[in-house]
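Structure, as C-alpha cells:
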C-alpha cells in the first residue's frame, strides 16, 4: 500500500505554493426581477466563514483575493464568484428552473436542457464517485430511470448495462458508450473520479445522431475539464475491505449423507453410507471466499483562461478478489485534455486517456465445483500421496467419480493473468468561417487496446482427471483499434424569437481486432520471468491467430428549431452503411417536438408549476452493434477438421451445410412522450416518460434444426416490443439554515413482448441437461422460462395412485405437475410460461442530508419480477451423488416432513423432476441498500480549501429469497437468468477522504 | 457560402470513394469454402479428411453410443456406482423419455457426421470440373464414394436408433432444415443402399499402409451387407459377404486378444474403425475419443488405468459364456478386478465394479495423456471380418441362393470364428447357433441391442427390462429436436 500513498506527495508540494492576505468584500444580492434577496448564505468557499444577506440583500465579509464566495439559497441556483481584486460583488441569483439553461452534451454538440425534445438523464461524476465501486457504471445502478445495470462481483469485470429493456440480443444489447466523442464498448477503463458527468440518451430522437450503435441507447461520458478561474487541484481516495455476502449454505456431511442414503435407498446394489467413514465436513463455499482489500486514489488538476483550458488527472485502483485464490485487479489511469483557441477562426484540442490494467482472473468454475462436491473429504489430505505439489484432498480417494474435483485446487492451480493497455485518443480542429454562426469541425478519434493474457497451468496432480502431466503456457497478444473520422458542419442562427441550427455530418469508422497466440508445454513456473514460451519444450509448440475487421460509413443531418424556447423541434436523418450486413445501407429518420406550457398565457395564473414542458418524439434507428455475418460459408480448419490415419493428422477443411442468412438492418422504431416539470415551490421537480420501442429484424444467433453442421445461426429473427414508464422525482428542502435534505426517486417499468418471429412460433433457448428451458415466443417476453407448474408433491403412494391425472412417475415425494388443459395426462401440452429474467420494475431511491459539517446519504435499489432458473440444482443426472444446498436438505420431502413444494431426495435425482418447472424457476426480486455514507467536511485546515472524511458501506445488505449468491444473473437474452453458479457479490466497507486545494 | 460548398464537395468525394468495396468484407482469418483451389489435386482430400474427423464424436461414438447400442441390451449393465448418471440408468432400464439428453446427443452426433459428409460429397464435383488430369478426376470420384460410405454408415445408425429420420443430402437453408419431414425406414434403407452401391463402384480395393484405416471398397460392401442383413435381404447379404471373403484380403487374426490391442488396430481383420489417437502427445488438441475411457475400470490405480466404469458386462453375459464353456473370448471380453492382465496391469480390488469391458482394455504403457487418459488411443471397432463371416453364414442358412466365389458354406464360416475362439467345430448350424455366435464374438462391441431387435429375440431377452413390442424397437425422437423442427413426429409409444 505504501507506494500508492506516494501519489499524495506531489499534491502536498503543490499546496505550499499558495499564500494569502485579507480584504473586505461587500455587495447586494438580488433576484431576476432585481428584488433584493434576504437570507442568502454567503460563505467563503471551502471554509465555514460566512454570513447572510440582510433585509435589503446586503452583505459584508472578510476574505482573501484568492478565495471564492459561495452564494446559496433554497430554490435558487447557487453561484461561486472568485474575489480577485474586487471589493464589491453584486450578484443576481436565478430561480432554480434556470437549471434548465444548463448546457447538456448531446450527440455531436450541446443543447440547453430547456430546448431538449428528448428524455435525457444526467448524472454528475461526484454522485458516482461517492460510491466505492471499481466501475463507474456500477455506481450508476439505480440512479437513472430506464437504465438497468447488472453487476458482477469479479474484480475488474464491468457490469452489463441495458437501456429501456431488451431489444437486441446477446452482448449486443449493450448501449453505446461515447467518452469525449470516442465510441467505446464500455467504460471499465475509467474511474468514477475521472468523470465530469454522464448523460444517458434514451429515445430515438436524441440517440439518432449516433445512429448505428445507438439503437440500445447512448451513454455519453465527459471526463473532467478545466473551468474558468483559479486552477482546481483535488484529491479523493479510499481504503476499504470487501466482505463476501449472501454466501449460500451447503449441506453438512451428516445432512448430505442422510439425504444421499434416502435418495438411493431403493437402488439395487446401493450400500448406505456412514458419516463416520468420512474424515471431515467441508463447507466448500467458505473454503473459497475471503475478506479482501480494495483501495482507490484519484487526483485532478484543471483550469482555464481566455484562450485555453486544461485538465490533468489520474487514478489508481486496486481490488483484491473475494475468491480465496490469486485474483485481483489493478488499474492506473492518466488523463490529459487541452483545448486552445488559436485565433478568431480556429480552435484545436486533444484529449488523451491512458489506462493500464493488471489482473489475475479467478477460475469461476470453482464455485460450481464447490456447489456439487461432496462435503465429506478434506481440502488438504496428507494421505493422498499421489497429489503434488500440494497435498490436496481428492474426492477419488473416497470413491467419487471423475466428474468431481477439489474446488480449492481448481481455484489454486490455473493462473490467468492479463495485462492491458488502453489509449483513448481524440483530436479535433474547429474552424469558424462565420463566427458564432458557421462551424466546421473535423475530429479524429481512436481507441486502441492492447491486451496480453497469459494462462499458465503448472504440472500438478490431485486425483482422478484433476491433474496435468505437463505444465502448459498459453500467451496471447491482442490488439483492437477503433478509428472514427468525423466531419461536421454546423450552422446556428437566431433571428428574433426564432433560433435554429443545422448540422451536416459524415462519419467513417474502421474497427480492427487481431491476435496472435502461442503455447508451449513443460514451461517452468518459478516466477514471471520463467513463464515464456522459449523456456518450455520446443516440441508441441503451437501458434495461432485471428482477427476481425468492420467498416462503416454514415451521412447524417440534424435540424433544430426553437421559438422562444416555447416550441421546439428536432429533426434528424441518417444514411448508414455497414460491412456487417448483406443489405449494406439503411436510412433512418427521427423527429422530436417540445412545448413549454408555462410560457403560454393560459398557464400564467396556475399555481402548480413554475416549469412544465411536454415532449414527444418518434424515430427509426439502425443497429450495427451485431456480430458480422458472412454471406459465404467459411471453411473450418485445424485438428477438429482433420482425419487421423496411422497416428498422423491429415489436413482437412470442413464447413457447415446450412446456408448463411441474408442479414438486413436491425431497426428500432421508438415513440416517446414525456413531461418535465418544476413545481412552483421549486422543491419538487421531475420527469415522466412513456416509451414504446419496437426492434424490427432483431439479429441474434438462434438454434436451428439439426443437420446443417452447426447448432445455431445468425438471423433476423423477428420483432420485439419494449414499453414502459420512467419516472424521476427530486425533492429538496431546508429544514433550518443548517439542515438541508434531498430525496430523489426513480422508477422504470419494462413490458417486454415478442411480437413476431418470422413465421416461427417460438425459438427454444437455454439448453440445460439435454433440453431447452426457455422459449422466445410470440406474445411473451424474450427468453421466457417454459416448463411445468407444480401443483404439489404426492404425500403417499396411495394419494398418487388415486390421482386421476397420469404422469410419467407418480409416487410419494414426487412432484404432481399441474394439468393445465384438464385432459388428465401430463405431457408437453401442460407446459406453461414461467416468467423471464426481465424485471418489470426497477426503482432507486437516494436520500441525502446535510447538517453543518456533517452529511449523510443513503441509496436503495430494487428489482421486481425477474425470474431465475436455478440450473445449478439441475445437475443431478451427472452429479447424482453430489452435495445438496442446505435449503433443499432442510425442506425436502420426507415421510415425516411432507412438503408440498420440495421433492424427496429420491425424486430429486430423477430426470422427471430435473426439468424446467417452477421449483427450479425462482423469483429473483430483490431490494438492496446500495450505499450508506456519513461524511464530515472541514475547511479549517490551512492551505486546504475543503477536506471531507467519510465512511461508507457499499451494498451492505440485500434482501432476496433466491437460493444463490445474487439474484443479478445476466446472460444472452434468449437464455438469460440461468444460474449455473457464479462469482459471489461483496459488501465494501471503506473510509475515504476528498480534498480540494 | 462559397467555402461551405467547397467543403461539402470535398466531403462527398472523400466519402463516396470506393464505398461499396469499403463495406464488403469477408471475416479475417478465414477462407471462403468456394475459395478452395479446385485445380490442385492435393486439395481433393481436404473436405474428405474433415468428414472423417466428424466420426470422432462424443454423441455418435462415446457415452451415448455405448448406452443405446450395448447397455440397453442383455450384455451389459450401466456400471459405475448405482447412483451415478440417472440418464444412463434410464437407458439401461429401457425407462428413458424423449427428454433423455443422451438420446439427443446421439441424434446430434450422427447428423453432424451426415453434414460433414454432405459437404465433402458436394465438393468433389467441383474438383472433377476443374482438374485436367483424368486420374485426378477419378480420384475425386473415388473420394466421393469414400464419403458416401461414411454418410451411409451414419444413416444406418440413425435408422437403427430412431427408425424414421429426415433425409438431408445437401446444403439447405435453416427454414428448410426446420421443416424437413421424416423418411420411412424403407426410404432410408433405399437411400443408404444407393450411397453404398455408388461407393462400391468407385472405391479401390486397398490403400498403401500410411493410409491404414481408410474406407475401401470392402468397407462399403461390409456395411452394405449389414444393411441388407437388417432387412433380411439374404441374397444381397450373401453376394456381398462372398465378394469380401473371396477377395482374400481379410482374415481372422490368430489371437483373439490381439484384435482389441493397440497393435491390432486396422489389421487384416478390420473393415471399419473410428480412429482415435493422442498422436503421441501428453496434452494438446483433442484428437482422441473417450470411448475406452468411459468404460475403463472405475476406482482403479494408477490413475492412467482408471476410467468411468460404465458399460460393465452383465451376469447374463458371463453365464452365457460359462454355459458355452468358452475360455478365450471371455478372457479378453471380461476384465475382472483383482486380476493381473497378461500385459502386466493389476486391476485393483478397490474398483467399484467386479468386472469391466475387457475389449477396451488398454495397457498402462499406452496411456500417457496426462494422468488420467485411459485408452485414448483405442480405436472403435465398427465392423470386422468375424462379423462378415457370421453375416455370410446367416444369409446362407436363410436360404440365400447366389453363386459363391469363395465357396465358404455357413458351417465353414461359423467354424472359422469358433476355431479361433478355441471351440469345436459344429455342423448344420442353425440361426440360433449363429445368433449366439454373434453374441459371443461381438459382445461389448455395440452390436447386441439392435441384433436382438433384428432377430426378434428382444421381447424375450429383454423381458426383464419391460421391453414393449411396438415401442422399444426404436428410441424416441428427442424432445429438443421436436422443438426445432415441428414437422417431426414422435415414434410410437413415446407420446
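Protein chains in written order, with this note's numbering: chain Y, 506 to 1502; chain X, 1467 to 1961.
Positions of the beta carbon are idealized from the N, C-alpha and C atoms, including for glycine.
Every value quoted in this text rests on a predicted model; they were computed, and no experiment measured them.
Assigned secondary structure, residue i (DSSP; H/G/I helix, E/B strand, else coil)
i               : result
residue 1835(X) : coil
residue 1267(Y) : strand
residue 1207(Y) : strand
residue 924(Y)  : strand
residue 1036(Y) : coil
residue 1200(Y) : strand
residue 1345(Y) : coil
Beta-carbon gap between residue i and residue j smaller than 9 Å
i               : j               : result
residue 872(Y)  : residue 1488(Y) : yes
residue 1511(Y) : residue 816(Y)  : In the structure as shown, chain Y begins at 506 and stops at 1502. Residue 1511(Y) is therefore absent and cannot be evaluated.
residue 1199(Y) : residue 1221(Y) : no
residue 657(Y)  : residue 1473(Y) : yes
residue 988(Y)  : residue 950(Y)  : yes
residue 1143(Y) : residue 1514(X) : no
Own chain residues within Cβ distance below 6 Å of residue i, not counting five before or after
i               : result
residue 1517(X) : 1582, 1583, 1586, 1613, 1616
residue 824(Y)  : 639, 660, 799, 834
residue 1495(Y) : 637, 743, 745, 1457
residue 1301(Y) : 1317
residue 1842(X) : 1744, 1754, 1835
residue 1706(X) : 1687, 1690, 1691
residue 1440(Y) : 1360, 1453, 1455
residue 1965(X) : With chain X covering only 1467 through 1961, there is no way to say anything about residue 1965(X).
Residue i to residue j span [Cα, whole Å]
i               : j               : result
residue 930(Y)  : residue 1009(Y) : 24 Å
residue 1030(Y) : residue 1839(X) : 24 Å
residue 1825(X) : residue 1800(X) : 8 Å
residue 1084(Y) : residue 1123(Y) : 27 Å
residue 1025(Y) : residue 1044(Y) : 8 Å
residue 1619(X) : residue 1807(X) : 34 Å
residue 1313(Y) : residue 1425(Y) : 19 Å
residue 1639(X) : residue 1165(Y) : 7 Å
residue 697(Y)  : residue 810(Y)  : 26 Å
residue 664(Y)  : residue 700(Y)  : 17 Å
residue 1004(Y) : residue 994(Y)  : 17 Å
residue 1852(X) : residue 1907(X) : 8 Å
residue 1546(Y) : residue 921(Y)  : Only positions 506 to 1502 of chain Y appear in this structure, which leaves residue 1546(Y) out of reach.
residue 727(Y)  : residue 933(Y)  : 16 Å
residue 986(Y)  : residue 818(Y)  : 24 Å
residue 1023(Y) : residue 1605(X) : 37 Å
Same chain, Cβ closer than 8 Å to residue i, five either side skipped, listed in chain order
i               : result
residue 1306(Y) : 1315
residue 1460(Y) : 750, 1433, 1434, 1435, 1436, 1490, 1491, 1492, 1493
residue 1693(X) : 1618, 1622, 1655, 1658, 1659, 1662
Cut-off 7 Å between Cβ atoms - residues of its own chain near residue i, not counting five sequence neighbours on either side
i               : result
residue 1697(X) : 1655
residue 1837(X) : 1769, 1770
residue 1466(Y) : 1428
Contact test: residue i Cβ vs the ligand GTP heavy atom, cutoff 8 Å
i               : result
residue 1098(Y) : This structure lacks the ligand GTP, and indeed carries no ligand of any kind.
Item to check | Completely contained beta strand (DSSP E) runs for the region 1492 to 1561 of chain X, where each covers 3 or more residues | outcome: 1542 to 1545
Item to check | Inside the region 1823 to 1900 of chain X only - beta strand (DSSP E) runs reaching at least 3 residues | outcome: 1846 to 1850
Checklist entry - What are the start and end residues of each continuous alpha helix (DSSP H) run of 4 or more residues lying completely inside the region 1892 to 1961 of chain X, in chain order? => result 1897 to 1908, 1914 to 1921, 1924 to 1927, 1945 to 1950
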